[in-house]
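Okay, so the sequence shown: first residue is 2 according to the numbering used here, each after it adds one. We put the beta carbon where it would ideally sit given N, CA and C, even for glycine. Working notes for the structure below.
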Amino acid sequence: MTETTTGPLGEVLHDGERTGLRYVRLLHHSPEKVWRALTETDGLRHWFPADIVGERVAGARLSLPFWPEGLELASTAEAIEDMGVDPGDYVSEGELRVWDPPRTFELTWGMDGREDLTDLLRFELEPTEDGTRLTFTTWLGGPTGNTDTAVGWHVCLDELADLLDDGPTTLTPETSALLVQRVKDRTDALRPKYAALIAT
């Protein structure tokens with residue numbers, strides 16, 4: 002049975018030995034627009050740490066090459082180095098589990114074929130009167146109590162909302178540096194809040 006710890010930042014989920022995170026965002030945009038931002042390279046580039054490359058059909062194998070900014074920010078860079086691989090050359094692998102546009106998008110995201118480093122990501126979209134209710138749930142393959150992962154997904158979803166509200170930013174070295182700094186600032190502000198949430 003799944004137990005849930007609920008707070009304003011989201012939820013920490015426990016199911017036996019597994020730990021998960023669930024976030025809900027109310028977005029003032031149509032499900033179709035949100036879906037494109039969640040699944041297409043032009044949208045992913047502005048909020049997700051990596052591209053998602055592969056056929057859009059359930060069961061398809063996926064490649065997830067990190068964006069340069071995503072790699073700079075990802076806490077997984079250290080884990081990649083621990084495997085003896087240059088993070089700049091590393092491409093994660095995954096599988097598309099559910100593809101039901103514009104309602105449900107579920108995939109795995111793994112490293113080096115290791116189950117302990119493979120996460121499950123599920124995005125569910127429900128239309129509302131003024132937009133879309135997005136529910137994002139991830140079950141973590143890594144250690145439980147991962148504050149940085151919780152903060153990272155919160156900030157990614159903030160960036161998604163910014164993209165939808167304000168449109169894409171032209172990425173230059175200067176704007177990329179500003180993006181990295183903005184994400185770092187948000188991360189620093191959220192880390193103690195998530196540490197307390199996960200500890201409950």
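Residue 13 sits in a strand when the DSSP states are folded into three classes. For residue 132, the closest alpha carbon among the candidates 165, 98, 189 and 120 is that of 165. With contacts defined by Cβ atoms closer than 9 Å, residue 151 and residue 45 do not form a contacting pair. CA-CA distance, residue 49 to residue 197, rounds to 25 Å. Taking the C-beta atoms as reference points, residue 162 is found no nearer than 9 Å to residue 37.
Around the CB of residue 58, fewer than 16 other CB atoms lie within 10 Å, so the residue is classed as exposed.
With fewer than 16 other CB atoms across the displayed protein chains lying within 10 angstroms of its CB, residue 29 is exposed. Sequence-distant partners of residue 95 (beyond 5 residues in either direction) whose C-beta falls short of 7 Å from its own C-beta, in its chain, are 63, 65, 108, 109, 110 and 111.
Within 10 angstroms of the beta-carbon of residue 17 lie fewer than 16 other beta-carbons, which makes it exposed.
Residue 183 and residue 142 have their C-alpha atoms spaced approximately 27 Å apart. Boundaries for residue 153: no beta strand (DSSP E) harbours it, while the alpha helix (DSSP H) harbouring it runs 148 to 167, taken from the DSSP string. For the options 201, 195 and 24, the alpha carbon positioned closest to that of residue 122 is the one of 24.
In summary, residue 189 is exposed, with fewer than 16 beta-carbon neighbours lying within 10 Å of its beta-carbon over all protein chains present. Minimum Cα-Cα distance from residue 158 among the listed residues 93, 136 and 43 corresponds to 136. For residue 192, the enclosing alpha helix (DSSP H) begins and ends at 174 to 200. Counting only the Cα atoms, residue 53 lies some 11 Å from residue 43. Annotation for residue 92: 64 and 66 place their beta carbon closer than 6 Å to its own, counting only its chain and skipping 5 residues before and after.
Annotated three-state conformation of residue 59 is coil, per DSSP.
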